[in-house]
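The opening position of the sequence shown corresponds to residue 45 in our numbering, with each subsequent residue numbered one higher. Shown next, in structure tokens, is the structure this report addresses.
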Amino acid sequence: MQAQNIIFPAQILRGPGVISQLAALCSQLGKRALVIGGHQALAAVGDRIRHCLEGSSVTLVGSEWYGGECSEGHILRLANQVAALSADIIISVGGGKSLDTGKAVGVACHIPVVTLPTIAATCAAVTPLSIRYFDDGHFRDLYPLTQAPAAVIIDSELLAQSPLRWLAAGLGDTLAKWYEFRAISSHHRDLSGVARSSSANSRICYDLIAAYGASACDAVRAGKANSELEQVLDAIFMFAGLTSLMSSGAHAAASHAIYEGFTVCDKTREFGHGLLVGLGNLCLLALEDRNDQELREAVLLSHACAVPLRLGDIAELDAQELDSIIQASLHAPDMQNMPQAVTVDALYAAFARVESMADALALH
């Protein structure tokens with residue numbers, strides 16, 4: 045028998061205006077807080093964080109840019125800054141790469157981390173895992189962490205005001221939880237209880253997005269939170285996060301492999317993790333040889349969630365650039381989780397079939 049080690053976040057707080065509870069949460073964890081985030085995230089919430097901590101028992105000792113990539117160099121740089129400022133708690137703000145960096149710095153320094161996502165693009169806010177890159181943006185590895193965030197603050201009012209493309213990224217990434225887990229587990233007859241739990245959570249992700257994804261996008265277009273957005277935020281952060289936790293990260297397949305392939309191309313690398321995964325989901329269904337009706341439903345759902353349907357929606361690629369993406373996708377570690385070997389021709393055909401379906405449905 046093999047030992048299991050499942051690490052959960054200590055607290056997840058979701059709702060309108062819950063950033064106001066930041067000081068109360070932080071005061072239970074430390075006395076000297078360092079904020080780490082992206083430029084846009086720091087501009088969006090920096091003043092609100094300072095206001096929240098004023099008059100509390102927590103001193104704000106500084107605010108640091110995470111560096112642009114979740115890389116070993118930036119993690120070590122920020123860990124040195126934590127030591128220099130004698131910080132004993134990190135408030136990590138922003139999107140996936142920023143949050144992953146803040147979590148990794150917390151582990152390196154053995155101090156708690158509070159995550160405050162400013163976009164709903166991934167489940168990074170809740171997971172004890174960082175995706176590391178090299179400083180040039182190329183994918184490096186999945187980096188398991190020994191601790192999860194001590195608290196997660198999911199403010200639906202704040203997230204409703206973020207750009208639609210980042211909610212779309214979260215929807216694409218979260219749909220992958222179901223599509224990929226189904227592909228991986230389809231050839232396993234006996235799933236463990238933990239794997240069954242992960243599968244159930246991944247199906248909840250799909251069901252919530254199928255029911256509320258389009259309305260959640262409308263809420264973000266209007267810049268105002270609604271109940272449908274909050275249901276989708278639960279899918280993106282809570283249920284997707286639980287899928288990742290319960291599977292120890294071993295739930296990714298072709299969708300994420302295709303994303304990893306996109307990171308080798310300068311034109312596509314920064315397009316957005318979940319948006320690229322979202323297109324990868326559709327290619328995954330094609331690689332599985334799902335029937336036209338099932339692919340049609342998936343394409344329509346992706347379109348309703350503002351996920352790209354064609355390579356041309358991402359960038360204009362020449363033959364050499366596309367070949368480099370295809371080759372990198374095939375050699376990405378996550379592609380090895382597919383139940384059957386994927387070939388170059390099969391992956392080219394998958395992109396073509398998805399685009400043909402989108403054209404047939406006249407989706408733009």
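Glycine included, each C-beta is placed from N, C-alpha and C at the ideal position.
query = Would a C-beta distance cut-off of 7 Å place Ala297 and Ala227 closer than the cut-off?
reply = yes
ask   = If you compare alpha carbons, which of Leu374, Leu320, Ala220 and Cys309 is closest to Pro352?
value = Leu320
ask   = Cα-Cα, which of Pro172, Pro207 and Trp210 is closest to Pro193?
value = Among Pro172, Pro207 and Trp210, the Cα nearest to that of Pro193 belongs to Pro172.
query = Below 8 Å, can you find three or more Cβ-Cβ pairs linking the stretch 303-323 to the stretch 351-365?
reply = yes
query = At which residues does the alpha helix (DSSP H) containing Asp144 begin and terminate?
reply = Gly140 to Cys153
Candidates His295, Cys153, Ile155 and Gly59: closest to Glu201 by CA position = Between Glu201 and the set His295, Cys153, Ile155 and Gly59, the nearest pair of CA atoms involves Gly59.
inquiry  = Going by DSSP, what residue range makes up the alpha helix (DSSP H) through Ile119?
reply    = Glu116 to Leu129
key: Opening and closing residue of the beta strand (DSSP E) in which Gly81 lies   = Arg76 to Gly81
ask   = Are Val137 and Ala85 touching if we call contact CB-CB under 7 Å?
value = yes
key: Beta-ladder partner(s) of Trp109, from DSSP   = Gly81
inquiry  = Less than 7 Å between the C-beta atoms of Ser100 and Ser71, yes or no?
reply    = yes
ask   = Tell me which same chain residues have a C-beta within less than 6 Å of the C-beta of Glu272, skipping the five on either side of it?
value = Excluding residues within five positions, the ones whose Cβ falls inside 6 Å are Tyr256, Ser259 and Ala260.
ask   = With burial defined as no fewer than 16 other Cβ atoms inside 10 Å of the residue's Cβ, what is the status of Ala263: buried or exposed?
value = buried
query = To the nearest whole angstrom, what separates the beta carbons of Ala123 and Val149, a pair I think is in contact under 8 Å?
reply = 5 Å
inquiry  = Buried or exposed, going by whether 16 or more other CB atoms sit within 10 Å of the CB of Tyr177?
reply    = buried
query = Run through DSSP, which three-state label would Ala195 get?
reply = Note: Ala195 maps to strand in three-state DSSP.
query = Per DSSP, Phe183 is paired with what?
reply = Tyr177
inquiry  = Please list the terminal residues of the continuous alpha helix (DSSP H) segment that includes Arg313.
reply    = Segment: none, Arg313 is in no alpha helix (DSSP H) and carries neither H nor E.
query = What's the call for Val388, buried or exposed, on a 16-neighbour Cβ count within 10 Å?
reply = Exposed, since its Cβ has fewer than 16 Cβ neighbours within 10 Å.
task = Out of Ile119, His154, Asp132 and Val126, state which residue places its alpha-carbon closest to the alpha-carbon of Leu143.
result = Ile119
inquiry  = Out of Phe281, Leu186, Cys167 and Ile51, which one is the CA nearest neighbour of Cys114?
reply    = Of Phe281, Leu186, Cys167 and Ile51, the residue nearest in Cα terms is Leu186.
request  = Would you check if the stretch 295-315 and the stretch 373-386 touch, i.e. whether three or more CB-CB distances between them fall below 8 Å?
outcome  = yes
key: Ile163, enclosing beta strand (DSSP E) - first and last residue   = That residue, Ile163, is in no beta strand (DSSP E); it is neither H nor E in DSSP.
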